[in-house]
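Asker:
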Amino acid sequence: MERWGPARRADLATGASLSYVVVGDSGTMPVILLHAWGESRRSFDRLLAQLPTGICAVAVDQRGHGDAAEPSGGFSLKDFAGDVLSLMDALGIRRAVLLGSSSGGYVAQQVAVSHPTRVAGLVLVGSPRTLQGRPPFADEVEGLSDPVDVEWVRRSLTWFPTFQPVPDWYVEDRVQDGAGISARVWRETFSGLRLAIPPTESGAITAPTLIVCGERDDLLGREQQVELAGAIKDSRLVTYASTGHLVLWEQPERLAIDVATFLIGVPR
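To convert, note that position 105 of the sequence shown is 1072 in our numbering; the numbers rise steadily by one, no gaps.
1) Of the choices C1180, K1045 and G1170, whose alpha-carbon is the least far from that of P1219?
2) Since I believe V1117 is in contact with W1153 (beta carbons under 8 Å), could you give me their beta-carbon distance rounded to a whole number of angstroms?
3) Quick one: which unbroken alpha helix (DSSP H) runs of 4-plus residues sit fully inside the region 1046-1092? Chain order, please.
4) Reducing DSSP to helix, strand and coil, say where S1094 ends up.
5) Assuming A1087 and A1063 form a contact by the criterion Cβ under 8 Å, report the distance between their Cβ atoms to the nearest whole angstrom.
6) Considering only residues of the region 1190-1214, which uninterrupted beta strand (DSSP E) runs meet the minimum length of 3 residues and lie entirely inside it, listed in chain order?
7) Pull the bridge partners of T1176 from the DSSP assignment, please.
8) Do the region 1098-1108 and the region 1045-1052 make contact, defined as three or more Cβ pairs closer than 8 Å?
9) Hey, how far is the Cα of L1230 from the Cα of P1175?
10) Check the DSSP bridge columns for G1181 and list the partner residues they point to.
11) When the Cα of G1067 is compared with those of P1128, R1121, D1225 and L1001, which residue comes out closest?
12) Given T1097, which residues of its chain have a CB within under 6 Å of its CB, disregarding the five upstream and five downstream residues?
13) L1222 to L1014, Cα distance in whole Å?
14) From A1075 to D1028, what does the alpha carbon distance come to, in whole angstroms?
15) Using the Cβ count rule (16 or more neighbours within 10 Å means buried), how would you classify R1101?
16) Answer yes if the region 1113-1127 comes into contact with the region 1029-1036, meaning at least three C-beta pairs across the two stretches below 8 Å, and no otherwise.
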């Protein structure tokens, strides 16, 4: 069920065809919401419900995810970042704040490095400084085949334990997100993220940045979040107690308040 009305379609110059929804006051500087690997724009449903109506939020399905088309190739970090810029061009958006959850924040960082004049600010939510290396679940992802098993997706969520209550319907929506993605998109996106040069190692991020992390994020760890903050000159690191890697899932109400406060200080 669409909580925010019918999604719109954008056929981009990059060759991608993405779906997106716009919520809030379209007359204000937009905040583009970038979901994590294996999810969809619907992962922002609870956050969108909490954001003030004066904020214009654009939640987008990235290539191969959600209702976006699956391209024949192109799942590198730069491909995903290129889609964000192309979407902004298609919607007539000159500058925007980018809010990325987990790997969506990695994409946001790449956009901020490659096209700094287009990014008014960043909100990085449980986002990595680097994804290089081989996590313990790599073999499972690389062994996926179609159709992707719903129960495998459900089990995969245990890779990221939560410490705050998350509604059952929301978790089930994320399971359906994952089951709706082809095995190729799972594998190639995973590879593209892992092989990418970390954005903060390839250039400087000059946009004001809010970094939000969970105190109990065992996937990234406190050290990586501190390093990310240290790599972005104009940044502020906020840690949520008793919260894991999935900050967006666990703390949408608090995140909405922090985002709204951050936006007040972003130059128009």
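No residue lacks a Cβ here, since even glycine has one placed at the ideal position from N, Cα and C.
Since this is a predicted model, take the numbers as computed values, not measurements.
Answerer: With the given structure in hand:
1) If you number the sequence shown from 1, residue 1219 lands on position 252. The residue with the shortest Cα to Cα distance from P1219 is C1180.
2) The residue given as residue 1153 occupies position 186 in the sequence shown. The residue given as residue 1117 occupies position 150 in the sequence shown. That belief does not hold up - the Cβ atoms of W1153 and V1117 are roughly 13 Å apart, past 8 Å.
3) Contiguous alpha helix (DSSP H) elements confined to the region 1046-1092 occur at 1070-1081, taking only those with 4 or more residues.
4) As a working note, residue 1094 is residue 127 in the sequence shown. DSSP places S1094 in the coil class of the three-state scheme, outside both helix and strand.
5) In the sequence shown, the residue the question calls residue 1087 occupies position 120. In the sequence shown, the residue the question calls residue 1063 occupies position 96. At roughly 6 Å, the Cβ-Cβ gap stays under 8 Å, so A1087 and A1063 are in contact.
6) For the region 1190-1214, whole beta strand (DSSP E) runs of length 3 or above, ordered along the chain, are 1202-1207.
7) On the sequence shown, position 209 is the one that residue 1176 refers to. In the DSSP output, where bridge partners are listed per residue, T1176 has L1089 and S1202.
8) Proximity of the region 1098-1108 to the region 1045-1052 falls short of the contact definition, fewer than three beta-carbon pairs being nearer than 8 Å.
9) Sequence index remark: in the sequence shown, residue 1230 carries index 263 (1-based). Sequence index remark: in the sequence shown, residue 1175 carries index 208 (1-based). The alpha-carbon separation between L1230 and P1175 amounts to approximately 10 Å.
10) What you label residue 1181 is simply residue 214 of the sequence shown in a count that begins at 1. Residue pairing by DSSP puts G1181 in a beta bridge opposite Y1207.
11) As a working note, residue 1067 is residue 100 in the sequence shown. Out of P1128, R1121, D1225 and L1001, L1001 has the C-alpha closest to the C-alpha of G1067.
12) As a working mapping, residue 1097 is identified with position 130 in the sequence shown. Sequence-distant Cβ neighbours of T1097 in its own chain, meaning closer than 6 Å and more than five residues away, are P1165.
13) Within the sequence shown, residue 1222 is the residue found at index 255, counting from 1. Within the sequence shown, residue 1014 is the residue found at index 47, counting from 1. Rounded to the nearest whole angstrom, the CA to CA distance from L1222 to L1014 is 7 Å.
14) As a working mapping, residue 1075 is identified with position 108 in the sequence shown. As a working mapping, residue 1028 is identified with position 61 in the sequence shown. Computed Cα separation, rounded: 14 Å.
15) By one-based count along the sequence shown, residue 1101 stands at place 134. That one is exposed.
16) Put simply, the region 1029-1036 does not touch the region 1113-1127. Fewer than three CB pairs are less than 8 Å apart.
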